[in-house]
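Below: one structure, written as structure tokens.
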Amino acid sequence: MSPPHRKKKLLAALSSALLAFLSVEIGLRIAGYAPLEAALGGKGRVLRPSQDPLLGYELTPSTEGAGWGTHVEINSHGFRDSDYSKEKGERRRICVIGDSIPFGNHLEPQETYPELLETELRERGTRVPVDVLNLGVGGYDTVQEVAMLERTGLGFDPDLVVLGFCVNDLGIVSVTMDHSWAEEDRENPLYLSRIAQGMRAFLGERKRRHESSDWSSDEFYGRAFADQIADIEGDLELRELMAALRADLRIANQNPPDTAPLARRIPPRWFASAPRVGRFCFALDQLAALSEEHGFESVLLFIPYLDEEPAFQHADRIVRHLAEARGITVLAVRDEFRATGLEELRIDPKDPVHPDARGHAILARRLLEHTDTLGWFQPQ
């Protein structure tokens, strides 16, 4: 083949490649695909690394952005709620700690159970003013939630602390909150291309999946949190409850791969894992100690897994035993959720973790019933 002919073929190939590149680039732009802006304009704006090693990351005070299926506004104290004064006066205060459920993924703030509870108490016209502070942060586990209470919530002098507990709190899902973009990437000419952004997002997702696989290993989990795992060997009742769960898992062969997408199967075997249960005990010990030191009552609001998974009946018993052994009241709503239908209450048909606004209303009513027993908020 003569040199001019080879050159002509090369130019034709390059032209075809360029045309294909431009076609894909234009198609992505028409479709609105912009992962860099989606990250830095939403989650990346309202999240930041935390100087507290227990938290890892935190909400950025006085910011707002789109993320988690809703519009998010963070107050000056670093949580998704109104700006409350730290001056308590004669008020009663409830602090809700938890993950993406109280935070309100895919919900407006007024649809979340902390705000529903506050609205109901205020509309009753109670003798003393009432504040319900929503300190929920998506992806946090129980250790992080208690650290959030200690770092932020105690400054508001709560009378009651509500730990919103979901079965995924024994795993690590916070890696899904990470994003691989930095503000300086806006200035990188490479990322003017949506194709380049897509490749970066793809590699970031691969990294997150690899990290998720690591965290699914009990051995890896135990090494990573060795200094945060309580000794549970002496709790004979707990050992019996965990053994019963293991037996049921063997009989029913219910040991799904942990690498399955969190959309959304939570492995029941987490509750038969000594490192995971031990770390949960560590968090409950911290909460109980803070409760005694600062004079507030603690309750654990058990938010049901929105799927008829028989093995989680063991999880219910394990969590109740551990909480009540530490003087933490457990509030259950499984019967109320079942009356409506577990799958009916999913905010997304494929997501058995997050309840919709109706589920949040049930949670708020259960908390309201509990506050009635305390006699704090009787109507005037």
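Residue numbers for the sequence shown follow this note's numbering, so the first one is 64 and each next one is one higher. Cβ coordinates follow ideal geometry from the N, Cα and C atoms, glycine included. As the structure is a prediction and not an experimental result, all values here were calculated from the model.
Is the separation between the beta-carbon of P415 and that of R421 shorter than 8 angstroms?
Looking up residue 415 in the sequence shown gives position 352. Looking up residue 421 in the sequence shown gives position 358. R421 sits away from P415, with the two beta carbons spaced by 8 angstroms or more.
Start and end residues, beta strand (DSSP E) containing R332
By one-based count along the sequence shown, residue 332 stands at place 269. Looking at the DSSP string, R332 is not in any beta strand (DSSP E), and its letter there is neither H nor E.
Does the count of Cβ pairs from the stretch 305–315 and the stretch 368–382 closer than 8 angstroms reach three?
A contact exists between the stretch 305–315 and the stretch 368–382.
Which residues in the same chain as L117 place their Cβ atom closer than 7 angstroms to its Cβ, once the five residues preceding and following it in sequence are excluded?
Taking the sequence shown and counting its residues from 1, the one referred to as residue 117 is at position 54. The residues V206, Q207 and A210, in chain order, have a CB closer than 7 angstroms to that of L117 in the same chain once the five nearest residues on each side in sequence are set aside.
C-beta contact flag for I292 and G218 at 8 angstroms:
The count along the sequence shown starts at 1 and reaches residue 292 at position 229. The count along the sequence shown starts at 1 and reaches residue 218 at position 155. Taking 8 angstroms as the Cβ cut-off, I292 and G218 do not qualify as a contacting pair.
Using 8 angstroms as the threshold, is the C-beta distance between H423 and V362 below it?
In the sequence shown, counting from the first residue as 1, residue 423 sits at position 360. In the sequence shown, counting from the first residue as 1, residue 362 sits at position 299. Cβ distance not < 8 angstroms, so H423 and V362 don't count as in contact.
Among residues of its own chain, excluding the 5 on either side of A335, which ones have a beta-carbon nearer than 6 angstroms to its beta-carbon?
Taking the sequence shown and counting its residues from 1, one reaches residue 335 at position 272. Closer than 6 angstroms at the Cβ level, and outside the excluded window around A335, lie M305, L308 and R309.
Would you kindly check if the distance between the Cβ of C158 and the Cβ of L184 is under 8 angstroms?
As a working mapping, residue 184 is identified with position 121 in the sequence shown. As a working mapping, residue 158 is identified with position 95 in the sequence shown. No, the Cβ-Cβ distance between L184 and C158 is not below 8 angstroms.
Spatial distance of D144 from G128 (CA atoms):
Position 81 of the sequence shown, counting from 1, holds the residue named residue 144. Position 65 of the sequence shown, counting from 1, holds the residue named residue 128. Using only the alpha carbons, I get a separation of about 14 angstroms.
Mind checking who C158 pairs with in its DSSP beta bridge?
Reading the sequence shown from its first residue, position 95 is the one you call residue 158. Paired residues: L196 and V224.
Are any of the Cβ atoms in chain D nearer than 8 angstroms to that of P412?
Of the chains in the structure shown, none is chain D; there is only one protein chain.
Within its chain, find whatever has a CB closer than 6 angstroms to the CB of V191; leave out the 5 residues flanking it on each side and keep chain order.
Numbered from 1 along the sequence shown, position 128 holds the residue referred to as residue 191. These residues qualify, in order along the chain: E153 and R155.
Run through the DSSP bridge pairs and tell me what F365 is partnered with.
Walking along the sequence shown from the start, residue 365 turns up at place 302. F365 pairs with F228 and A395.
CA-CA distance, A83 and E121?
On the sequence shown, residue 83 is found 20 positions in, with the first residue counted as 1. On the sequence shown, residue 121 is found 58 positions in, with the first residue counted as 1. Inter-residue distance for A83 and E121 is about 42 angstroms (C-alpha atoms, whole angstroms).
Measure the alpha-carbon distance for L325 versus I295 and round it to whole angstroms.
Position 262 of the sequence shown holds residue 325. Position 232 of the sequence shown holds residue 295. Only weak support exists for where L325 lies, its pLDDT of 37 falling under 50; the coordinates are left without a value.
Is it buried or exposed for I137, if we count other Cβ within 10 angstroms and need 16 for buried?
Against the sequence shown, residue 137 aligns to sequence position 74. Buried, by the Cβ-count rule.
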